[in-house]
């Protein structure tokens, strides 16, 4: 059974690599035809606007990741409820009984 899982993951890996290769080729083709420009080829104004777009996209991605983490994090455990018992003022009943037994043994 694990062989099927390995084969499936290898198939997905190859498919993803092919997709990335195709995207790189598409980007190069667009760059050669002039649809896309390198940062160095942009004007100062174009560089600023591109930087602004990248900055906003990065902020949105960080916010989205933060939201996902917040949604997946379980709520904190509730604080333990304090019982309405008065605090013990003296030794416990068991301790007193033990002391009595020890006293009897000494005699």
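Numbering (full-length UniProt numbering), first residue to last: 1 to 107. A virtual CB, placed ideally from N, CA and C, is assigned to each residue, including glycine.
DSSP-derived helix/strand/coil call for residue i
{"i": "residue 25", "result": "helix"}
{"i": "residue 56", "result": "helix"}
{"i": "residue 106", "result": "helix"}
{"i": "residue 32", "result": "helix"}
{"i": "residue 92", "result": "coil"}
{"i": "residue 38", "result": "coil"}
{"i": "residue 1", "result": "Note that residue 1 has pLDDT 48, beneath the 50 cutoff, so the model's placement of it is unreliable and the number below is only indicative. Coil, per DSSP."}
{"i": "residue 79", "result": "coil"}
{"i": "residue 67", "result": "helix"}
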